[in-house]
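One structure is given here, and the rest of the page talks about it.
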Amino acid sequence: MLFQRPQLGSAVLSALLVGGVAQAYQPDQPFVDAQKKHARQWAQEDAALDERLAELEKKTGKRPNIVYILADDIGWGELGSYGGGILRGTPTPNLDTMAQQGMKFMSHYSEPSCTPTRLALLTGRYPVRTGVDIVLWPGQQQGLADEEVTVAEMLSRAGYKTAMFGKWHVGELEEHAPENQGFDYAYYGLYNGKPYSWANMDAFYKAETIDGNGFEYDFPGTLEDYKEKYGIEVHGHFEGIKGEGRREVEPLGATSMPDMESGNIQRIKNYISDNAGSDKPFFIYWASYAQQMAASPKAFRGRPGYDVPNLQSAELAQHDDYVQELLDTLREQGIAENTLVVWVSDNGPMYAFWPNSGYSWLRGGKGEVYEGGVRTPGIAWWPGMIEPGQTVIDLLSTTDLFTTAARIAGVKDEIPSDRVVDGLDQTALLLNGNGHGRRNYIFHYSGNRLAAVRMDNMKLHIKPGSQGGLPNMEVYNITRDPGEKFGSMFYQLSYVVPFQRLIGKHRQLIEKYPHRKLPTGTFVE
Numbered sequence: 041m042l043f044q045r046p047q048l049g050s051a052v053l054s055a056l057l058v059g060g061v062a063q064a065y066q067p068d069q070p071f072v073d074a075q076k077k078h079a080r081q082w083a084q085e086d087a088a089l090d091e092r093l094a095e096l097e098k099k100t101g102k103r104p105n106i107v108y109i110l111a112d113d114i115g116w117g118e119l120g121s122y123g124g125g126i127l128r129g130t131p132t133p134n135l136d137t138m139a140q141q142g143m144k145f146m147s148h149y150s151e152p153s154c155t156p157t158r159l160a161l162l163t164g165r166y167p168v169r170t171g172v173d174i175v176l177w178p179g180q181q182q183g184l185a186d187e188e189v190t191v192a193e194m195l196s197r198a199g200y201k202t203a204m205f206g207k208w209h210v211g212e213l214e215e216h217a218p219e220n221q222g223f224d225y226a227y228y229g230l231y232n233g234k235p236y237s238w239a240n241m242d243a244f245y246k247a248e249t250i251d252g253n254g255f256e257y258d259f260p261g262t263l264e265d266y267k268e269k270y271g272i273e274v275h276g277h278f279e280g281i282k283g284e285g286r287r288e289v290e291p292l293g294a295t296s297m298p299d300m301e302s303g304n305i306q307r308i309k310n311y312i313s314d315n316a317g318s319d320k321p322f323f324i325y326w327a328s329y330a331q332q333m334a335a336s337p338k339a340f341r342g343r344p345g346y347d348v349p350n351l352q353s354a355e356l357a358q359h360d361d362y363v364q365e366l367l368d369t370l371r372e373q374g375i376a377e378n379t380l381v382v383w384v385s386d387n388g389p390m391y392a393f394w395p396n397s398g399y400s401w402l403r404g405g406k407g408e409v410y411e412g413g414v415r416t417p418g419i420a421w422w423p424g425m426i427e428p429g430q431t432v433i434d435l436l437s438t439t440d441l442f443t444t445a446a447r448i449a450g451v452k453d454e455i456p457s458d459r460v461v462d463g464l465d466q467t468a469l470l471l472n473g474n475g476h477g478r479r480n481y482i483f484h485y486s487g488n489r490l491a492a493v494r495m496d497n498m499k500l501h502i503k504p505g506s507q508g509g510l511p512n513m514e515v516y517n518i519t520r521d522p523g524e525k526f527g528s529m530f531y532q533l534s535y536v537v538p539f540q541r542l543i544g545k546h547r548q549l550i551e552k553y554p555h556r557k558l559p560t561g562t563f564v565e
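As structure tokens, this is what we get:
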């Protein structure tokens, strides 16, 4: 079915202006208010966008393919297009070219750590709403609940073929598995892929606090030691097929690590080639493994101009090449102009592994809600649809990828309406450019605690126990001070009331739609 351009009669505009009822789903209250304000403008923009998408579908015979690439632990200062590259010892020519050929996001926000960001992308919801707001470790019962609706499930209903490759990391039970969460095919690992980062987890499995972010760093040990010490089976890589279940196809360890990414990019290229001529569009979710811990193939070590001793440098070089291989495959198959590719990082750099870690020019890193932990690089690429060479400052959240995919696939009606969906449709930003974003706020959670709020150019940090009170707040002008160095009492006095109003609206819907409650056990017995 082709996209239909809505007729903007008085009845449609009246409905938009009165209640913002153009969407069937329930966005957060701040967006409902914004939609009332911009109803006429957005309705006209959306009609024109639907016309463009309809023209593309008429030309290609099917809706656009969608590819989401979620990179791991790449900070703001890593890519050349973000002021890093050769300056940081790791040229990224292919990602830089992708940015030149498409759109570079200057204000993309992820969650502070890996599991939460994956949930945000898959469900379009702040992870705290899903009941999983922490990094998951082997043996935990928590994970992506069957009741959640994923982007893959949504797109499947639109006739898309769906595939997932790489780091799943949102639960290890059957219920949580990608083949049971909307993906027709999946080749994946359950965890971050590196067993030596879990070797000493006494504090975690005794339900004690580790470092405030749920991380413990102690490298010695093997999977056998882990099983003997904690009685928990650690699994390797799985191949899953919808309706058929999954099978473990390779162990997790030093022997398989060098081939994790090279194997996945070959599988992705094969999948694209096999499905390019299908009458059905496809959705690919590629979640690459942690930059600072995987053992990259020797071909990516010691390149001229690279920081040779740095594991992260080799991994980033590998990832940069593989992204280019994916884009080249789309071109070779003649489907680049009908494929949206979005590349984003899941959080800031994990400085605990320094010097084998990423870097950000901004304050903070992985596990923190300062800009360095949550403001991450992002690129959108769609030849013929996204004007090349754009740099946009509009706010985006990883949750927006969910709702934007629904719009592009023509299935916004499939977005669930019995819960809050935080993701906003950013198709207008992608296709119209700077200034056409639909978001002016972002809520940042640290676990289940609201820790920071971005509102237009300002950002509020709420310290534990302060309940939003003046003594324990920090307020920054992020546009003037992206490094969050110069907070002032003037900012606090000027913006405390607007922030309180915004937070109040956010909490109203939490009362109406409470966060999901999952089993409290910290690991599988």
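Following the numbering used here, the numbering of the sequence shown begins with 41 at its first residue and continues without gaps.
Even glycine gets a Cβ: it sits at the ideal position worked out from N, Cα and C.
Residue i (DSSP reduced to helix, strand or coil)
i, result
"Q221", "coil"
"W383", "strand"
"S400", "coil"
"F322", "strand"
"E288", "strand"
"E578", "The chain is shown from 41 up to 565; residue 578 falls before or after that span and cannot be answered."
"M390", "coil"
"L469", "helix"
"M204", "strand"
"G303", "helix"
"T137", "helix"
"I433", "coil"
"E248", "Only weak support exists for where E248 lies, its pLDDT of 39 falling under 50; the value from the coordinates is given anyway. DSSP places E248 in coil when its eight states are reduced to three."
"V3", "Examination of residue 3 is not possible in this model, given that the chain is present from 41 through 565 alone."
"H78", "coil"
"F255", "Residue placement at F255 is flagged as unreliable, the pLDDT there being 43, under the threshold of 50; the coordinate-derived value follows with that caveat. F255 falls in the coil class under three-state DSSP."
"Q358", "helix"
"G115", "coil"
"R415", "strand"
"G229", "strand"
"H216", "helix"
"G120", "helix"
Proximity to residue i [Cα-Cα], best of the options
i, options, result
"Q532", "V384, D440, V515, A226", "V515"
"P423", "P131, D112, D73, M143", "M143"
"L356", "P67, P70, I126", "I126"
"Y329", "L89, A354, R494", "A354"
"H555", "D136, N134, A83, P167", "P167"
"I106", "S302, K552, N378", "N378"
"D86", "Q358, E268, L470", "L470"
"K102", "G477, S318, D440", "S318"
"A327", "A316, N315, I305", "I305"
"P549", "D458, G206, L292", "Pro is not the amino acid found at residue 549; the sequence shown has Leu there. The shortest C-alpha separation from L549 is found at D458."
"L110", "T155, S313, F526, A198", "T155"
"G124", "G171, S400, K99, Y149", "S400"
"N315", "E95, K282, L370", "L370"
"P428", "W82, F145, L89, E95", "F145"
"F483", "A198, M498, H476", "M498"
"G487", "S302, K98, S153, R92", "S153"
Own chain residues within Cβ distance below 6 Å of residue i, not counting five before or after
i, result
"N474", "V432"
"N310", "none"
"D440", "G463, L464, Q466"
"Q430", "M143, G473"
"P559", "Q181"
"K503", "N512"
Residues near residue i by beta carbon distance below 8 Å, same chain, minus five either side
i, result
"F278", "A217, A226, Y227, Y228, G229, L230, R286, R287, E288, V289"
"W421", "M138, Q141, G142, M143, L367, L380, V381, V382, W383"
"M495", "N480, Y481, Y535, P538, F539, L542"
Same chain only: Cβ atoms within 7 Å of residue i, ignoring 5 sequence neighbours per side
i, result
"T443", "G164, I455, V461, G463, L464, D465"
"S196", "T202, G222"
"E273", "K267"
"D251", "Summary for D251: the model assigns pLDDT 41, below 50, so the residue's position carries little reliability, and this model does not support an answer."
"R128", "G117, E118, Y399"
Check: residue i C-beta below 7 Å from any heavy atom of the ligand NAD
i, result
"A198", "Looking at this structure, you won't find the ligand NAD or any other ligand, since it has none at all."
*asked:* Taking contact to mean 3 or more Cβ pairs, one atom from each stretch, closer than 8 Å, check whether the segment 400-420 and the segment 445-463 are in contact.
replied: no
*Counting Cβ pairs, one atom from each stretch, are 3 or more of them under 8 Å apart for the segment 385-393 and the segment 106-117?*
yes
_Measuring CB atoms only, is the segment 393-402 touching the segment 154-166, in the sense that at least three cross pairs come out at less than 8 Å?_
no
*Hey, is the segment 536-550 in contact with the segment 70-88, meaning 3+ C-beta pairs nearer than 8 Å?*
yes
*asked:* Quick test of the definition: if touching needs 3 or more C-beta pairs under 8 Å, does the segment 170-179 touch the segment 205-225?
replied: yes
_I'd like the ranges of any alpha helix (DSSP H) spanning at least 4 consecutive residues and lying wholly in the segment 474-557._
529-552
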